[in-house]
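Okay, so here's the structure we're looking at.
In our numbering, the protein residues as written are 1226 to 1756.
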């Protein structure tokens, strides 16, 4: 599918020089004045908004409501939004360097309780935040461009393609000639519909996502060029017909690494070509699930199609290595970890990759049965246990004797732990977490919801020193490689499979999809265009 929209661009002023840093001061300067002194040309006004959710529609816990988005904080605007970091941070930084841009931040929700372990957003929730953004923008019109920090894997009941709907609604408000650019996580599920309403998509090319800031910078540059009439975006979208579990999408290994390198090579060879690759997010039961390629060029539709076709063909050629994989189960992992400890190849980092609710006790049970000590389990979701500790007025040094975790179908059975409370209080953004020591130098962190810990130092609570542990077990697929693998911290890194085909495993055909036909997606079938 290809989309193309051309039209005259309103150009309120010519480019001007200037350089500012991406700090709160920069955000305030851009918000307050936008234009450097000494030039009478009006600055470009770019609206900035964020609405990001990676939705696991198969996860338990019920639909995500407005209150779930407000549990951590109220929506933010002004300097708070412009200083949010990552995609927006990169956009603000580059806008300041370009020097002729005034930013118009729109009040945006920045986090949802439970993160990617939360299920469907209700239609009412989606409309609540989107309507508020649009009303705020309407009061601030006109603008010369719109920047949207999105995710790509949001799922909303009765809205098949939420990000495309967001773009459509912004387009309807600002009109046909105002460029719209968005940044995305590579786990997004998209098809051509988003670019029917927007002009640019910029997708992270690394997993873990080291380049989200860079994508924000690229969005600012492209949006400015388009607003000044120097870039007429034409686009091409392809769906290779491949669906993969996210644990297979690590860009530190081939072929995921090769796919993204091919995209970068095209961007290096062809001036002002942008190549965005979504690997997809299979835990969202939405019709555009699976891999997607989106290409944008400056007025050259033939080039956009040529790049998109090449990327589409390449992904299909490497589909087997990209979409298939297997990992050891808990018992086998225990043997591997014990062997690594005996060889002195510690610390060992273990990714409990399939556990999206965060309550699984499979690895804890297997490691205890194998007699493995000095293990830090971080974290296990166990809200009932935290409630019991609060009711008992638990304090550090007090005894602990409770069952933890294991309250969802994929979590196994609750595991009884007898030990000592090392910490009970605020942590990881929650009102209360608990740290319990037990057994042969082990410790377990208890949280009220799924928590993905990426760095060893994040476990410094109370008397806990990460250096005291031989093994770290974290609820993560790839992101934990940031702090445990790619820094060189852990000589041994292991990703562990669940004992059943639960949500989060590579066994996608075990999921009760209602909006996805796996028979048209490799490796569970062949897409119609390739038959």
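In this text, a Cβ means the ideal position worked out from N, Cα and C, and glycines have one as well.
Per DSSP, cross-strand counterpart(s) of residue i
i	result
residue 1644	1625, 1663
residue 1330	1273
residue 1399	Answer is none; residue 1399 lacks a bridge partner.
residue 1697	1574, 1601
residue 1463	1518
residue 1652	1655
residue 1289	1346
residue 1426	1407
residue 1384	1381
Where residue i falls: helix, strand or coil (DSSP)
i	result
residue 1576	strand
residue 1752	coil
residue 1590	helix
residue 1458	strand
residue 1259	With a pLDDT of only 47 at residue 1259, under 50, the local geometry of the prediction cannot be trusted, and the value read off the model is given with reservation. Correct three-state label for residue 1259: coil.
residue 1741	coil
residue 1684	helix
residue 1736	coil
residue 1747	strand
residue 1394	helix
residue 1471	helix
residue 1493	helix
residue 1670	strand
residue 1596	coil
residue 1247	Confidence in residue 1247 is poor, its pLDDT being 38 and thus under 50, which makes the residue's placement too unreliable to answer from.
Burial state of residue i (16 or more Cβ within 10 Å)
i	result
residue 1692	exposed
residue 1755	exposed
residue 1435	exposed
residue 1366	exposed
residue 1299	exposed
residue 1642	buried
residue 1279	buried
residue 1740	exposed
residue 1219	In the structure as shown, the chain starts at 1226 and stops at 1756, and residue 1219 therefore has no counterpart that could be examined.
residue 1415	buried
residue 1646	buried
residue 1401	exposed
residue 1297	exposed
residue 1522	buried
residue 1282	buried
residue 1751	exposed
residue 1737	exposed
residue 1478	exposed
residue 1268	buried
residue 1753	exposed
residue 1262	Legend: pLDDT at residue 1262 = 37, less than 50; position of this residue unreliable, value from coordinates given subsequently. Exposed is the call here.
Selection from the options that minimises the alpha carbon distance to residue i
i	options	result
residue 1386	1369, 1497, 1512	1512
residue 1548	1504, 1508, 1527, 1585	1504
residue 1636	1443, 1588, 1753	1588
residue 1448	1571, 1516, 1632, 1270	1270
residue 1456	1291, 1478, 1584, 1424	1424
residue 1469	1737, 1342, 1730	1730
residue 1472	1506, 1421, 1653, 1313	1506
residue 1620	1630, 1648, 1308, 1319	1648
residue 1552	1527, 1295, 1718	1718
residue 1732	1579, 1544, 1342	1579
residue 1459	1439, 1417, 1476	1417
residue 1747	1289, 1543, 1267	1543
residue 1452	1618, 1623, 1368, 1657	1368
residue 1380	1276, 1475, 1444	1276
residue 1639	1686, 1585, 1292	1585
residue 1353	1607, 1311, 1294, 1287	1294
residue 1500	1565, 1602, 1433, 1426	1426
residue 1594	1675, 1556, 1357	1556
Boundaries of the beta strand (DSSP E) in which residue i is found, first to last residue
i	result
residue 1374	1370-1374
residue 1519	1517-1523
residue 1503	1499-1503
residue 1721	1717-1721
residue 1731	No beta strand (DSSP E) holds residue 1731; DSSP gives it neither H nor E.
Residue span of the alpha helix (DSSP H) that contains residue i, given as start and end
i	result
residue 1548	1544-1548
residue 1358	1348-1365
residue 1562	1555-1567
residue 1610	1608-1616
residue 1405	Careful: residue 1405 lies outside any alpha helix (DSSP H), inside the beta strand (DSSP E) at 1405-1409.
residue 1316	1311-1323
residue 1448	1437-1452
residue 1304	1303-1307
residue 1707	1706-1709
Residue i Cβ short of 7 Å to the ligand ADP heavy atom set
i	result
residue 1383	The ligand ADP is absent from the structure shown, which contains no ligands of any kind.
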